[in-house]
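Numbering (the numbering used here), first residue to last: 966 to 1210. See structure below.
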């Protein structure tokens, strides 16, 4: 990882509308947050790992495994929660990885891939993409697409089909479409900067916070992965997730 030092902050909240208490959900004998912490620690034993939460139940459950930072319960996103935690941690690492508390199956190689994006000095924020294989995903607004330049810098993220194929072929046109995977890493100063930016017009239109960063001229490096973790958004998703334990 080219000598780039990094720490991992795991934002975790209890009060999810669709799945209250999700971080404490049992997954094959370990809670979800335990599995996320273990994945973070396996990425680099020398990296700092901390959970940022606003709920004492999560804090008490995980405090024997890693450092815990109590944060405000008013944060609109995990990114803002990570920024507050960073100011309290006082880490001097180059990069901060924002590893969501509901990503128990993230691979250590994906964290390494994220951090490698900072080899490009223009990259202030790093994220991942995966090739779309199913044609119906291209037009699905719940599947966020991303297009990049030749240097793997994001040009735009959208719920629409980008690029638009004027011939209506989409697949078979010679263009590979990519789905954005919402995992991020930030240069330390960039994380503090994004937490102070006001919501932008593009962000509010598409409901994608990364457009706020693009609209403010920040460089987002995008690395391609071949693995997408199963989404765990509702209690019904647990049965599917157990197949990966």
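For every residue, glycine included, the Cβ atom is placed at its ideal position computed from N, Cα and C. Predicted, not measured: the structure shown is a model, and the values here were computed from it.
Can you list, in chain order, the residues of its chain with a C-beta nearer than 7 Å to that of residue i? Leave out the 5 residues immediately preceding and following it.
{"i": "residue 1119", "result": "1111, 1113, 1179, 1185, 1187"}
{"i": "residue 1199", "result": "983, 984"}
{"i": "residue 1043", "result": "976, 1063, 1065"}
{"i": "residue 1141", "result": "1096"}
Count the other CB atoms within 10 Å of the CB of residue i; is the residue buried (16 or more) or exposed (fewer)?
{"i": "residue 1084", "result": "exposed"}
{"i": "residue 1122", "result": "buried"}
{"i": "residue 1131", "result": "exposed"}
{"i": "residue 1175", "result": "buried"}
{"i": "residue 1194", "result": "buried"}
{"i": "residue 1078", "result": "buried"}
{"i": "residue 1068", "result": "buried"}
{"i": "residue 1144", "result": "buried"}
{"i": "residue 1100", "result": "exposed"}
{"i": "residue 1087", "result": "exposed"}
{"i": "residue 1192", "result": "exposed"}
{"i": "residue 1201", "result": "exposed"}
{"i": "residue 1075", "result": "buried"}
{"i": "residue 1021", "result": "exposed"}
{"i": "residue 1148", "result": "buried"}
{"i": "residue 1212", "result": "Because the chain spans 966 through 1210 in this model, residue 1212 falls outside it and cannot be assessed."}
{"i": "residue 1204", "result": "exposed"}
For the beta strand (DSSP E) that contains residue i, what are its first and last residues?
{"i": "residue 1015", "result": "1013-1018"}
{"i": "residue 1080", "result": "Careful: residue 1080 lies outside any beta strand (DSSP E), inside the alpha helix (DSSP H) at 1073-1081."}
{"i": "residue 1144", "result": "1143-1152"}
{"i": "residue 1004", "result": "Counting along the chain, residue 1004 falls outside any beta strand (DSSP E), though it belongs to the alpha helix (DSSP H) covering 997-1008."}
{"i": "residue 1113", "result": "1110-1113"}
{"i": "residue 1189", "result": "1185-1189"}
{"i": "residue 1120", "result": "1119-1123"}
{"i": "residue 1063", "result": "1060-1063"}
Does residue i come out as helix, strand or coil in the three-state DSSP assignment?
{"i": "residue 1032", "result": "strand"}
{"i": "residue 1103", "result": "helix"}
{"i": "residue 980", "result": "coil"}
{"i": "residue 1053", "result": "helix"}
{"i": "residue 1210", "result": "coil"}
{"i": "residue 1198", "result": "coil"}
{"i": "residue 1130", "result": "coil"}
{"i": "residue 1045", "result": "helix"}
{"i": "residue 966", "result": "Any answer about residue 966 is weak, because its pLDDT of 44 lies below 50 and its placement is not dependable; what the coordinates show is given next. The answer is coil: DSSP assigns residue 966 none of H, G, I, E or B."}
{"i": "residue 1156", "result": "helix"}
{"i": "residue 992", "result": "strand"}
{"i": "residue 974", "result": "strand"}
{"i": "residue 1068", "result": "coil"}
{"i": "residue 987", "result": "helix"}
{"i": "residue 1161", "result": "coil"}
{"i": "residue 1204", "result": "helix"}
Near residue i, what residues of its chain come up, given a Cβ to Cβ distance below 6 Å and the 5 sequence neighbours on each side ignored?
{"i": "residue 977", "result": "988, 998, 1016, 1018, 1023, 1066"}
{"i": "residue 996", "result": "989"}
{"i": "residue 1082", "result": "1088, 1091, 1186, 1188"}
Which residue marks the beginning of the alpha helix (DSSP H) containing residue i, and which one marks its end?
{"i": "residue 1171", "result": "1166-1171"}
{"i": "residue 1090", "result": "Segment 1090-1096 is the beta strand (DSSP E) holding residue 1090; no alpha helix (DSSP H) there."}
{"i": "residue 1024", "result": "1021-1027"}
{"i": "residue 1177", "result": "1175-1180"}
Between residue i and the rest of its own chain, which residues show a CB-CB distance below 8 Å, the 5 nearest in sequence each way excluded?
{"i": "residue 1155", "result": "1089, 1090, 1183"}
{"i": "residue 1058", "result": "970, 971, 972, 1012, 1013, 1153"}
{"i": "residue 1207", "result": "992, 993"}
{"i": "residue 1109", "result": "1122, 1123, 1124, 1144, 1145, 1147, 1173"}
{"i": "residue 1106", "result": "1124, 1125"}
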